[in-house]
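Enquirer:
Protein chains: 2
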Amino acid sequence: MNYVLGIDGGGSKTVCVLMDENRQVVSRGEAGASNYQSIGIATAKQSIEFAIMAATDKAVNITKPITINAICLGLAGVGRKEDIEVIKSVVKDLQNSQLLPINWALPTNNILICHDALIALVGGTGNSVGIVTAAGTGSIVFGRNHQGITKRVGGWGYILGDEGSAYRIAIAGVQAALKAYDGSGMPTSLIDIFKVYLELSNLENLVELIYRRGWGVTEIAALAEIVDLAAALGDRVANQIIDDAVQYLVVATSTVIDTLFSDRPVLEVVTTGSVWTGKAKMHQRFTASLNQNFPEVKVIFPKHEPAYGAGLLALQKLQHISGK
Amino acid sequence: MNYVLGIDGGGSKTVCVLMDENRQVVSRGEAGASNYQSIGIATAKQSIEFAIMAATDKAVNITKPITINAICLGLAGVGRKEDIEVIKSVVKDLQNSQLLPINWALPTNNILICHDALIALVGGTGNSVGIVTAAGTGSIVFGRNHQGITKRVGGWGYILGDEGSAYRIAIAGVQAALKAYDGSGMPTSLIDIFKVYLELSNLENLVELIYRRGWGVTEIAALAEIVDLAAALGDRVANQIIDDAVQYLVVATSTVIDTLFSDRPVLEVVTTGSVWTGKAKMHQRFTASLNQNFPEVKVIFPKHEPAYGAGLLALQKLQHISGK
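Order-wise, the sequence lines are chains A and B.
For the first sequence, numbering that gives the first Met the number 0 assigns the number 0 to the initial residue and increments by one for each residue that follows.
For the second sequence, numbering that gives the first Met the number 0 assigns the number 0 to the initial residue and increments by one for each residue that follows.
1. On the three-state DSSP scale, how would you describe I38 (chain B)?
2. Output needed for A43 (chain A): all residues of its chain with C-beta closer than 6 Å, excluding positions within five of it in sequence on either side, in chain order.
3. Could you confirm whether any beta carbon from chain B is found closer than 7 Å to the beta carbon of Y180 (chain A)?
4. Does DSSP classify D7 (chain A) as helix, strand or coil?
5. State the CB to CB distance for the pair L99 (chain A) and I51 (chain A), rounded to an integer number of angstroms; the pair is presumed to be in contact (CB under 8 Å).
6. Find the residues of chain A that neighbour W155 (chain B), judging by a C-beta separation of less than 7 Å, and give them in chain order.
7. If the cut is a Cβ gap below 7 Å, which residues of chain B does A251 (chain A) touch?
8. In three-state DSSP terms, what is M281 (chain A)?
9. Between the alpha carbons of V3 (chain A) and V14 (chain A), how many angstroms are there, rounded?
10. Which residue comes first and which comes last in the beta strand (DSSP E) that contains N238 (chain A)?
11. Is it buried or exposed for H303 (chain A), if we count other Cβ within 10 angstroms and need 16 for buried?
12. Could you list which residues in chain B have their beta carbon closer than 7 Å to that of Q174 (chain A), in chain order?
13. Any residues in the stretch 130-154 of chain B with a beta carbon nearer than 9 Å to a beta carbon of chain A? Which ones, in chain order?
14. Using the Cβ count rule (16 or more neighbours within 10 Å means buried), how would you classify N21 (chain B)?
15. T254 (chain B) versus chain A: which residues are under 8 Å apart at the beta carbon?
16. Can you list the alpha helix (DSSP H) stretches of 4 or more residues lying completely in the stretch 144-219 of chain A, in chain order?
17. Against chain B, with Cβ distances strictly below 7 Å, would G10 (chain A) count as a contact?
18. Going by beta carbon distance, what residues of the same chain come within less than 6 Å of V77 (chain A), once the five residues before and after it are set aside?
19. Are there 16 or more other CB atoms within 10 angstroms of the CB of D7 (chain B), so buried, or fewer, so exposed?
20. Under 7 Å, Cβ to Cβ, is there at least one residue of chain A near Y210 (chain B)?
21. If we require 4 or more residues per run, which alpha helix (DSSP H) segments fall completely within the stretch 44-114 of chain B?
22. Excluding sequence positions up to five away, which residues of its chain have a Cβ less than 7 Å from the Cβ of Y196 (chain A)?
23. Please confirm if the stretch 67-85 of chain A is in contact with the stretch 100-113 of chain A, defined as three or more CB-CB distances below 8 Å between the two stretches.
24. Please report the straight-line C-alpha distance between G310 (chain A) and Y157 (chain A), rounded to a whole angstrom.
25. Assign F193 (chain B) to buried or exposed, taking buried as 16 or more other Cβ atoms, counted over all protein chains shown, within 10 Å of its Cβ.
26. Would you call G233 (chain A) buried or exposed, if buried means 16 or more other Cβ atoms sit within 10 Å of its Cβ?
27. Nearest by alpha-carbon distance to G122 (chain B): which of B:I101, B:V269, B:L317, B:L289 is it?
28. Only counting the same chain, and skipping five residues up and downstream in sequence, which positions put a Cβ closer than 6 Å to that of S321 (chain A)?
29. If you drop the 5 nearest sequence neighbours on each side, which residues of the same chain put their C-beta closer than 8 Å to that of V206 (chain B)?
30. Spell out the partners DSSP gives E29 (chain B) in its beta bridges.
31. Residues of the stretch 229-240 of chain B with a CB closer than 7 Å to any CB of chain A: list them in chain order, please.
32. Using C-beta distances below 8 Å, list every residue in its chain close to M18 (chain A), excluding the 5 sequence neighbours before and after it, in chain order.
33. Kindly indicate which residue of A:Q239, A:G213, A:G215 has the alpha-carbon position closest to the one of M185 (chain A).
34. Helix, strand or coil for K297 (chain A), going by three-state DSSP, please let me know.
35. Apply the 10 Å Cβ neighbour rule to R212 (chain A) and answer buried if 16 or more other Cβ atoms are within range, or exposed otherwise.
Below you can see the structure in the form of structure tokens.
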């Protein structure tokens, strides 16, 4: 039996699935973050190793020995050649690891390193064709068509892009509250909701929190929940923010559809990320708006997790080779 | 003869003017940054001391001895009580400094510590009434009326506010270029202008520059010049960005006018900061738009620098006391 590893490495955790040649997940493990640009390559490597260990330790009790014939790593922020070289050397090191209870039979060709949007697409749709519209802390829209052509829109990070993301919704909410507070914007219940939720005596303390306590992108993005709640409660300003976010994601997704599926847009759009599960019905708004122009597009939630998608991609490598 | 010190402490430099009781600047000195929240209190104190030394060293050659009877420090980001206490202790230390060739006769009441918008207003108008619409790296609108009532709009910093500022214009320009690049936005010459100006082979390298080289707010804000240039050359997208910036500053300024000068808005609005001197005629656009609603408002460039305004405020303290 052939086995492959599918790995999803992100900013908060690393997931590894061990998959057999029949697309069955034999076992699954988790470890800490592995976005090496933020945490350093040594820590990232350790997280990947631990995730593999967590997955394979369980498996060897059932089936042994296990020989890995292909691996796919989908990693946040990995796109440039330099990044791929760094990760390739990590994989080389893993093959010499004393910790892992597995054997390797891994031709260079069977090592696939890609960005996290691709594995989210493959896991989300269960195949390699379609679009993923990701809107969590950050945002990106990525698609691949039947010819294997890919297209990306957005994903420019929290300073330059990420419209439609939780971070940008949160920032827009705080900005709107501050504008209502200083009189330069429309009144909004966001002032009171932020104050109650964050236990602030004064809205200006929010500025304090964000600048002086050094809140990062993740902490700020968590405030999107408050904006979502205010929108669900009927606040006009909050609803405008949610609509703007939806509208950007519709434009970005439409751009990918037009580029890749111009002939006949029958496809699945997978929505991933925290913004889709709020109370303000972003998912419904998005689907309704997208279907106005593309009635045959199906907006779905992921069928499988990204690590599963990585497993499928690793399997393709295997079949590609064995089919030669 | 009575003397006062007016000090303007900012993120890039500290300016000190020595002013006599007839509002005459006897001498002027400069030193490094003194925004203590970023650089620490020791360095900030040193910059303030050096600026005073630079100003007074020159003066003692002309007039001596010099006794300082009042001081006003206008400092970026200083507004909270805690900040004011910190700066008060700095002034105490300065009075014991061995470096300064001056005497002090400084009742606690004659020490005025305020934020930089107030001294910009007083310096800019040459008196204490009016509005300052500041749009440099950051933005804030601040006004004071004949009753001494003040009102501030904006000034929430680069993450939460600063609309109309160079930083926000720059970010909007880069975002627009990236959207044109990935197809989700309108075409714009900003792509080519950024590439040529920053010598990039590919626009995506800009993302590299900003995230991986750790560009700060100041470096990013400098890109506003490019957006301004593109607007002056007729680019529609860039002109929209400039118009949005102007429109925010008009709304913010109008909010202050409505709050403070509702009866009869005959007043001066002083524009300070780098955005007003670009090639895209932001100053003219702002004036035209503001005058539609407030035809009697005069939009002016500063008559004097902020440190001069600090000197005038220190002098008011003096006259207030001696008039008792």
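Every residue, glycine too, gets a C-beta built ideally from N, C-alpha and C.
A quick note: this is a predicted structure, and the numbers were derived from the prediction, not measured.
Expert: On the basis of the data shown:
1. The three-state reading of DSSP puts I38 (chain B) in helix, counting H, G and I together.
2. S33, Y35
3. no
4. strand
5. 6 Å
6. By Cβ distance, chain A contributes L177, V206.
7. S183
8. helix
9. 14 Å
10. Not the beta strand (DSSP E): N238 (chain A) falls in the alpha helix (DSSP H), residues 235-259.
11. buried
12. Ordered by position in chain B, the residues that pass the 7 Å Cβ test against Q174 (chain A) are L159, G160.
13. V140, K150, R151, V152, G153, G154
14. exposed
15. Under the 8 Å cutoff, chain A gives D181, G182, S183.
16. 156-159, 165-181, 189-197, 203-211
17. no
18. H114
19. So D7 (chain B) counts as buried.
20. yes
21. 80-94
22. If we look at Y196 (chain A) and ignore the five residues flanking it on each side, its Cβ neighbours are I225.
23. The stretch 67-85 of chain A is in contact with the stretch 100-113 of chain A.
24. Straight-line spacing of the CA atoms in G310 (chain A) and Y157 (chain A) works out to 29 Å.
25. That one is buried.
26. exposed
27. B:V269
28. Because S321 (chain A) carries a pLDDT of 49, less than 50, the predicted location of this residue cannot be relied on, and the following value inherits that uncertainty. Cβ neighbours of S321 (chain A) beyond the five flanking positions: none.
29. L177
30. B:V14
31. Cβ contacts with chain A come from no residue of the stretch 229-240 of chain B.
32. Y2, V3, L4, G5, V24, V25, Y307, G310, L311, A313, L314
33. When the alpha-carbon of M185 (chain A) is set against those of A:Q239, A:G213, A:G215, the nearest one is in A:Q239.
34. strand
35. exposed
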